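Student: Mapping to my numbering: the sequence shown position 136 is 228, numbers consecutive.
Glycine included, each C-beta is placed from N, C-alpha and C at the ideal position.
Note that the structure is a prediction, hence the values are computed from the model and not measured.
My structure is below; once you've seen it, I'll send some questions.
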Amino acid sequence: MQHAAAESDVVLRARLDVVRGRIAQCARRCNRAPEEITLVAVSKTHAAEAVREAWAAGARDFGENRVQETEEKLAPLRDLDLRWHLIGRLQANKARRAVKIFDLIHSIDSAALVERLERLCAEEGRESLPILVQVDLAGEATKAGAGEAELPGILATLKSCQQVRCVGLMTLPPFFDEAEQVRPYFHRLRELRDELREHGAFAAGGGTGELSMGMSHDFEVAIEEGATMVRVGTSIFGARGKA
Ligand SMILES: *Cc1c(COP(=O)(O)O)cnc(C)c1O
């Protein structure tokens, strides 16, 4: 057991180093500072122990797509100072639990959800809840995210919020074998971010507007297109079982 744990630790650390190295190289290639890009290590389906190993290797931001699964990881990792990101769709009936545990929610897709979170923040005494609006740029009805046409309504609601703060946009493009094919989606998200920034959409966050885009097979393209957060699972933790 001891030996197996130590071995997986070495593998994970090596993978993390490779990903960090690729992020830094890619950033420099496009004249960006590597520090502008936050690596969110997507730990969904992986055990709390894997999160601990990644933390020991320097990771601080972790992405999960289910509230329940994240809750289960909290107790065994209580001693660690880390940030939890919700990257999966948030169901209304789990919103209160999400308010209690997540540092950043990437998957806001409706004004109704924003209103609910604002109310829950007040009830739970949470002063500030940063969120990203997830944009569905492919118009896929089955995919999570708000269509571009829905953005003005969601952003208007966000502007009236005290606790819920819009700090940027997120997208999950359709899957293509060839990473280059996702470039137009990443490019479009950046355009939207730039437009919205001019209209003060991210003022409450005090920032310039985060762009959460890019996963294991396309994060370099995302960084070239301006990503400030990349969500990387498989390249760090290895393949996921069917969960
Ligand atoms: C699972 C997931 C990721 C990570 O995907 P990998 O291909 O394993 O890097 C990123 N973003 C979202 C929204 C996900 O659900």
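Under the three-state reduction of DSSP, which class applies to I315: helix, strand or coil?
Tutor: Stepping through the sequence shown from its first residue, residue 315 is reached at position 223. If DSSP states are grouped into helix, strand and coil, I315 belongs with the helices.
Student: Which residues bound the alpha helix (DSSP H) around Q160?
Tutor: Residue 160 sits at position 68 when you count from the first residue of the sequence shown. V159 to L166 is the extent of the alpha helix (DSSP H) around Q160.
Student: Classify R257 as helix, strand or coil using the three-state DSSP reduction.
Tutor: The residue given as residue 257 occupies position 165 in the sequence shown. In this structure, R257 counts as strand in the three-state DSSP scheme.
Student: Decide if P222 is buried, meaning its Cβ has at least 16 other Cβ atoms within 10 Å, or exposed.
Tutor: Within the sequence shown, the letter at position 130 stands for residue 222. Counting Cβ neighbours within 10 Å, P222 comes out buried, since at least 16 surround it.
Student: With H, G and I counted as helix, E and B as strand and the rest as coil, what does DSSP make of L229?
Tutor: In the sequence shown, the residue the question calls residue 229 occupies position 137. It is coil, neither helix nor strand.
Student: Please check the pair G155 and H177, which I expect to be a contact at CB under 8 angstroms, by giving their CB distance rounded to whole angstroms.
Tutor: Residue 155 sits at position 63 when you count from the first residue of the sequence shown. Residue 177 sits at position 85 when you count from the first residue of the sequence shown. That pair is a contact at about 5 angstroms.
Student: Using the Cα positions of R218 and V132, report the straight-line distance between them to the nearest angstrom.
Tutor: Numbered from its first residue, the sequence shown carries residue 218 at position 126. Numbered from its first residue, the sequence shown carries residue 132 at position 40. Distance between the alpha carbons of R218 and V132: 23 angstroms.
Student: Rounded to whole angstroms, what is the Cα-Cα separation between K136 and H198?
Tutor: To locate residue 136, count along the sequence shown from 1; it is residue 44. To locate residue 198, count along the sequence shown from 1; it is residue 106. About 15 angstroms.
Student: Taking the alpha helix (DSSP H) that A142 belongs to, which residues open and close that run?
Tutor: Numbered from its first residue, the sequence shown carries residue 142 at position 50. It spans A140 to A148 - the alpha helix (DSSP H) in which A142 sits, taken as one unbroken run.
Student: Check for me: the beta strand (DSSP E) holding A236 runs from which residue to which?
Tutor: As a position in the sequence shown, residue 236 is number 144, starting the count at 1. No beta strand (DSSP E) holds A236; DSSP gives it neither H nor E.
Student: Report the three-state DSSP secondary structure of A335 (helix, strand or coil).
Tutor: Counted from its first residue, the sequence shown places residue 335 at position 243. In this predicted model, A335 has a pLDDT of only 49, less than 50, meaning its place in the structure is not dependable; the value taken from the coordinates is given anyway. If DSSP states are grouped into helix, strand and coil, A335 belongs with coil.
Student: Per DSSP, what are the beta-bridge partners of R155 in this structure?
Tutor: As a position in the sequence shown, residue 155 is number 63, starting the count at 1. For the sequence presented, residue 155 should be read as Gly rather than Arg. Beta-bridge pairing links G155 to V134 and H177.
Student: Assess contact between the segment 193-208 and the segment 238-253, defined as three or more Cβ pairs (one per stretch) separated by less than 8 angstroms. Is contact present?
Tutor: Yes, the segment 193-208 touches the segment 238-253.
Student: Need the endpoints of the alpha helix (DSSP H) that V206 sits in, please.
Tutor: One-based indexing of the sequence shown puts residue 206 at position 114. Unbroken alpha helix (DSSP H) run through V206: A203 to E216.
Student: For a test of the three-state rule: what should DSSP assign to H309, helix, strand or coil?
Tutor: Residue mapping note: residue 309 aligns to position 217 of the sequence shown, counting from 1. Reduced to three states, the DSSP call for H309 is coil.
Student: Report yes or no: do the segment 270-283 and the segment 291-306 share at least 3 C-beta pairs separated by less than 8 angstroms?
Tutor: Touching, per the Cβ criterion.
Student: On a Cα-Cα basis, can you pick out the residue from A125, R112 and V227 that is closest to A146?
Tutor: Working through the sequence shown from its first residue, we reach residue 146 at position 54. Taking only the C-alpha atoms, the option nearest A146 is R112.
Student: Is it buried or exposed for F268, if we count other Cβ within 10 angstroms and need 16 for buried?
Tutor: Looking up residue 268 in the sequence shown gives position 176. Looking at its Cβ environment, which holds fewer than 16 other Cβ atoms inside 10 Å, F268 is exposed.
Student: Thinking V313 and L261 are a contact (beta carbons under 8 angstroms), I'd like their distance in whole angstroms, please.
Tutor: Numbered from 1 along the sequence shown, position 221 holds the residue referred to as residue 313. Numbered from 1 along the sequence shown, position 169 holds the residue referred to as residue 261. Incorrect: roughly 17 angstroms between the Cβ atoms, too far for contact.
Student: Helix, strand or coil: which one does DSSP assign to S336?
Tutor: The first residue shown for the chain is 93 and the last is 335, placing residue 336 beyond what the model contains.
Student: How would you call N157, buried or exposed, if buried means at least 16 neighbouring beta carbons within 10 angstroms?
Tutor: For the purposes of this step, residue 157 is identified with residue 65 of the sequence shown, where counting begins at 1. Under this definition N157 is a buried residue.
Student: Could you give the C-beta distance for A293 and C253, rounded to a whole number, given that I count them as a contact under 8 angstroms?
Tutor: Reading the sequence shown from its first residue, position 201 is the one you call residue 293. Reading the sequence shown from its first residue, position 161 is the one you call residue 253. About 12 angstroms separates the two Cβ atoms, so there is no contact after all.
Student: Just to check, is the beta-carbon of M321 closer than 7 angstroms to a non-hydrogen atom of ligand 1?
Tutor: Numbered from its first residue, the sequence shown carries residue 321 at position 229. No - ligand 1 has no heavy atom lying nearer than 7 angstroms to the Cβ of M321.
Student: State the start and end residues of the unbroken beta strand (DSSP E) segment that holds R170.
Tutor: Position 78 of the sequence shown, counted from the start, is the residue given in the question as residue 170. Unbroken run through R170: none, as it is neither H nor E.
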